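>
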Amino acid sequence: MVNSRNLFCRTMIAGLFVLGVYGRAETVDSLPKVLIIGDSISIGYTPFVQEFLEGAVVVRHNPGNAQDTATGLEKLDEWLGDGGWDVIHFNWGLWDMRFDNGFDSPPRVPLAEYEKNLTTLVKRLDATSAKLIWATTTPVPAGARRRIKAGEIAYNDAARRIVNEHNIAINDLHSLVAPKAGAWQRKANVHFTRDGSRAMGRQVADFIVSVLPLRRHVNGDGLADIATGWEEGDIVDILEPIRKEYKLPALAAAVVSEGEVVALGAVGERKYKSGVSVTTNDRFHLGSCTKAMTATMIGMLIERGKLRWDMTLAELLPGLAMNDGYRPVTIRHLLAHRAGLPNASWPRGKTFMDMHNLPGGPRQQRLAYAKLMLSQKPQAKPGEKYTYSNAGFAIVGVIAEEATDTAWEELMKTMLFEPLGMKTAGFGAMGTQGKIDEPWQHTRGLLGRTKAIAPGRYSDNPPVIAPAGTVHCSMGDWAKFIILHLEKGSFAGRQLIKAETLDELRKPYFGGSYAGGWLAVDRSWGGGGVFTHSGSNNQNYAVVWMAPLKRYAVLVATNQGGGSEAKALDKAAAALIRKFKP
1 MVNSRNLFCR
11 TMIAGLFVLG
21 VYGRAETVDS
31 LPKVLIIGDS
41 ISIGYTPFVQ
51 EFLEGAVVVR
61 HNPGNAQDTA
71 TGLEKLDEWL
81 GDGGWDVIHF
91 NWGLWDMRFD
101 NGFDSPPRVP
111 LAEYEKNLTT
121 LVKRLDATSA
131 KLIWATTTPV
141 PAGARRRIKA
151 GEIAYNDAAR
161 RIVNEHNIAI
171 NDLHSLVAPK
181 AGAWQRKANV
191 HFTRDGSRAM
201 GRQVADFIVS
211 VLPLRRHVNG
221 DGLADIATGW
231 EEGDIVDILE
241 PIRKEYKLPA
251 LAAAVVSEGE
261 VVALGAVGER
271 KYKSGVSVTT
281 NDRFHLGSCT
291 KAMTATMIGM
301 LIERGKLRWD
311 MTLAELLPGL
321 AMNDGYRPVT
331 IRHLLAHRAG
341 LPNASWPRGK
351 TFMDMHNLPG
361 GPRQQRLAYA
371 KLMLSQKPQA
381 KPGEKYTYSN
391 AGFAIVGVIA
401 EEATDTAWEE
411 LMKTMLFEPL
421 GMKTAGFGAM
431 GTQGKIDEPW
441 QHTRGLLGRT
451 KAIAPGRYSD
461 NPPVIAPAGT
471 VHCSMGDWAK
481 FIILHLEKGS
491 FAGRQLIKAE
501 TLDELRKPYF
511 GGSYAGGWLA
521 VDRSWGGGGV
531 FTHSGSNNQN
541 YAVVWMAPLK
551 RYAVLVATNQ
561 GGGSEAKALD
571 KAAAALIRKF
581 KP
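If you read the sequence shown in my numbering, its first letter stands for residue 1, the second for the next number, and so on.
1) Nearest by alpha-carbon distance to Tyr326: which of Gly319, Arg332 and Thr312 is it?
2) I need the DSSP call for Phe580, collapsed to helix, strand or coil.
3) Kindly indicate which three-state DSSP category Asp77 falls into: helix, strand or coil?
4) To the nearest angstrom, report how far apart Ala266 and Asn323 are at their CA atoms.
5) Give me, in chain order, the residues of the same chain whose beta-carbon lies closer than 8 Å to that of Leu519; leave out the 5 immediate sequence neighbours on both sides.
6) Check the C-beta distance from Ala468 over to Thr290 and give it rounded, since I have them as a contact under 8 Å.
7) Report the three-state DSSP secondary structure of Ala130 (helix, strand or coil).
8) Smallest Cα separation from Pro241: which of Ile577, Leu505 and Lys571?
9) If you scan the region 311-365 from start to end, which runs of the beta strand (DSSP E) of 3 or more residues do you find wholly inside it?
10) Since Leu549 and Gly527 are thought to touch, with beta carbons under 8 Å apart, how far apart are those beta carbons, to the nearest angstrom?
11) Taking the alpha-carbon of Gln495 as reference, which of Phe284, Leu484, Asp503 and Ser40 has the nearest alpha-carbon?
12) Please say whether Ile208 and His89 have beta carbons closer to each other than 8 Å?
13) To test your reading of the DSSP string, which unbroken beta strand (DSSP E) runs of 3 or more residues are found completely within the region 440-476?
14) Indicate whether the contact test is met: 3 or more Cβ pairs, each with one atom in the region 431-450 and one in the region 377-390, closer than 8 Å.
15) For the region 500-512 against the region 295-313, are there 3 or more C-beta pairs whose distance is under 8 Å?
16) If I measure Cβ to Cβ from Thr280 and keep anything under 6 Å in the same chain, skipping five residues before and after, which residues do I get?
17) For the alpha helix (DSSP H) that contains Ile208, what are its first and last residues?
18) Mind checking which residues open and close the beta strand (DSSP E) that includes Glu260?
19) Which same chain residues, not among the five before or five after Gly535, have their C-beta less than 7 Å away from its C-beta?
20) Give, in chain order, every unbroken run of the beta strand (DSSP E) that is at least 3 residues long and sits entirely within the region 46-99.
21) Using a Cβ-Cβ cut-off of 6 Å (strictly less than) and excluding sequence neighbours within five positions of Asn390, which residues of its own chain qualify?
22) If you follow the beta strand (DSSP E) that Ser534 is in, where does it begin and where does it stop?
23) Could you check the C-alpha separation between Arg194 and Arg145 for me, to the nearest Å?
24) With a Cβ-Cβ cutoff of 8 Å, do Met430 and Ala557 count as a contact?
25) Between the region 77-88 and the region 97-115, are three or more C-beta pairs nearer than 8 Å?
26) Output the distance between the C-alpha atoms of Tyr552 and Asp477, rounded to the nearest integer angstrom.
27) DSSP beta-bridge partners for Met546?
28) Can you give the beta carbon distance from Leu569 to Phe481, rounded, assuming they're within the 8 Å contact cut?
29) Between the C-alpha atoms of Ala135 and Leu176, what's the straight-line distance to the nearest angstrom?
30) Return helix, strand or coil for Leu251, following the three-state DSSP convention.
31) Classify Asp522 as helix, strand or coil using the three-state DSSP reduction.
32) Can you list, in chain order, the residues of its chain whose CB lies under 8 Å from that of Asn343, leaving out five sequence neighbours each side?
33) Return helix, strand or coil for Leu35, following the three-state DSSP convention.
34) Cβ atoms of Leu248 and Gly268: under 8 Å apart, would you say?
35) What is the DSSP secondary structure of Ala224, counted as helix, strand or coil?
36) Quick check for students: name the residue ranges of the alpha helix (DSSP H) that lie wholly in the region 151-199, counting only runs of 4 or more.
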């Protein structure tokens, strides 16, 4: 591993780190080539991008500082050289908006001229064969010299319009930095601390990987050991006809074999008729495929002695008033949908909005929800009857919270997402209000019309049933969780959960075929025993098929629900299985 401190501390000229584009590391002809074009901000994070992708991708920065768009027009051909770039990651903005002669004078490149210049640059870059990534301009902190906040907003908005018109992927570094600008940026200065540059370098590296047609071993950082081995067209050519046939806004998939993501692709739009293309780094809503994640976290708590499979609700929630019929219900009953709980997700007489507006934070709301559900009469004795129930997994989440005094969301982050390097994993609707920075959710109306659902508080199920179905993440990150199951609890050389625990988790008790967030079925292509699950909040749809005996899985997702998505995704999964099965 190259020492990142040595990479970062390069020759300093005029207070800026200058990185020679052609001076570092030998070129490896067989590896993808990436050109980063930008100012001192990208000069700061490029060494980290090189570190994260070392041995897998050749990363270069334009010589010196790209400054403003006028400089770009003058020097772009020089920077492109002989071409052959697989990816070009670029930004202009901070220099364009500079007031070199004081705030009473125009900026270095006025906004109208910036738009004209950037349009020309985008067209020239688009003429190359490279995949293009636009990086948003990072925040202007209060008191920064020669720049104002209004400039940051105006120039970013203009750039977004231009790159969206050309269907160029957007790496939103601004949104990454904004919440942590106080810690990552220097005081009253647009430049960054080492931690800030490293964080941006990580996101840039992940974004580069997401647009390259790569075959990759997935390690804890989500990168490394990447080698070309399949063509992106192999999977896109399967997905796009199905997306069009079923009129889906977007369709994404991943294929896993022997501990690797062997195929990854995404087609369509983030928002219907927006013209903004999805990428393989975009987040998709997993719906009830969340259940397997919650169950896996429970298995980890059992290994740590916090819980036992046979613990009853009477033991687990001693302070919670409940119908006596629920007192002997065990964790196994809940994970197998055999606790006697109803199929209806809301307590009798309550609504979706009632559950969203319960008092307190998510943890307090879930405890109140558990009390409401458990006060009702059971529909059957424990273990007697299978009834699919979101409430059961919600109560499992409450059990974990009470056993650890930690919110379910935090348990998922610390026990699953962080150890697996699932950087894109989160909860609820994807994206930012007022932006198309992630896939929007969609529904199909009675007349078959597609309706886009803007991200917001009420655009997903309430937190009370989050443990049953609100996780979102990229397909590549979801694949990491599936790899954990396929590789018997091992990931990136670490045993995160015992193989015996996973076997126990997925073992259907009580004469059924469901356990631990998985439905057990037999399929010849999987060598016999296969596990599957689907998930939907009626605005998205996801499905996974996993064959542990073959160390093989297929994952498919779309950002639309309420129609024929199940048929579409089953068709896609079947086609991918035929194409990529071992």
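We put the beta carbon where it would ideally sit given N, CA and C, even for glycine. Model, not experiment: these values are computed from the prediction.
Reading off the structure:
1) Of Gly319, Arg332 and Thr312, the residue nearest in Cα terms is Thr312.
2) Of the three classes helix, strand and coil, the one that applies to Phe580 here is helix, per DSSP.
3) Three-state DSSP puts Asp77 in a helix.
4) For the pair Ala266 and Asn323, the Cα-to-Cα distance works out to about 47 Å.
5) If we look at Leu519 and ignore the five residues flanking it on each side, its Cβ neighbours are Ser513, Phe531, Thr532 and His533.
6) A Cβ-Cβ distance of about 6 Å is found for the pair Ala468 and Thr290, placing them in contact under the 8 Å criterion.
7) Here Ala130 sits in coil by DSSP.
8) Cα-wise, what sits closest to Pro241 is Lys571.
9) With a minimum length of 3 residues, no continuous beta strand (DSSP E) run stays inside the region 311-365.
10) Contact between Leu549 and Gly527 holds: their C-beta atoms lie close to 4 Å from each other, under 8 Å.
11) Of Phe284, Leu484, Asp503 and Ser40, the smallest CA-CA separation from Gln495 is found for Leu484.
12) In this structure, His89 lies near Ile208, with their beta-carbon atoms less than 8 Å apart.
13) Entirely contained in the region 440-476, the beta strand (DSSP E) runs reaching 3 residues are, in chain order, 441-444, 450-453 and 471-474.
14) Result no; under three Cβ-Cβ pairs closer than 8 Å.
15) The region 500-512 and the region 295-313 touch, with no fewer than 3 CB-CB distances between them shorter than 8 Å.
16) So the qualifying residues of the chain are Ser210, Leu264 and Ala266.
17) Start and end: Arg194 to Val211.
18) It spans Glu260 to Gly268 - the beta strand (DSSP E) in which Glu260 sits, taken as one unbroken run.
19) The residues are Leu286, Gly287, Ser288, Cys289, Thr290, Gly469 and Ala542.
20) Complete beta strand (DSSP E) runs here, min 3: 58-61 and 87-90.
21) Excluding positions up to five away in sequence, the list reads Ser345, Ile465 and Ala468.
22) Element bounds for Ser534: Gly528 to Gly535.
23) Taking the Cα positions, Arg194 is about 21 Å away from Arg145.
24) Here Met430 is not near Ala557, since their CB atoms are 8 Å or more apart.
25) The answer is no - the region 97-115 does not touch the region 77-88, with fewer than three Cβ pairs under 8 Å.
26) Distance between the alpha carbons of Tyr552 and Asp477: 16 Å.
27) Paired residue(s): Phe531 and Ala553.
28) Actually they are not in contact, since the Cβ atoms of Leu569 and Phe481 sit about 18 Å apart, beyond 8 Å.
29) Ala135 and Leu176 have their C-alpha atoms some 11 Å from each other.
30) The answer is strand: DSSP assigns Leu251 an E or B state.
31) Reduced to three states, the DSSP call for Asp522 is strand.
32) So the qualifying residues of the chain are Thr387, Tyr388 and Ser389.
33) In the structure shown, Leu35 falls within a strand segment according to DSSP collapsed to helix, strand and coil.
34) Contact: yes.
35) With a pLDDT of 33 at Ala224, under the threshold of 50, the predicted position of this residue should be treated as unreliable, though the coordinate-derived value follows. In the structure shown, Ala224 falls within a coil segment according to DSSP collapsed to helix, strand and coil.
36) Taking only runs of at least 4 residues, the alpha helix (DSSP H) segments lying wholly in the region 151-199 are 173-177 and 181-184.
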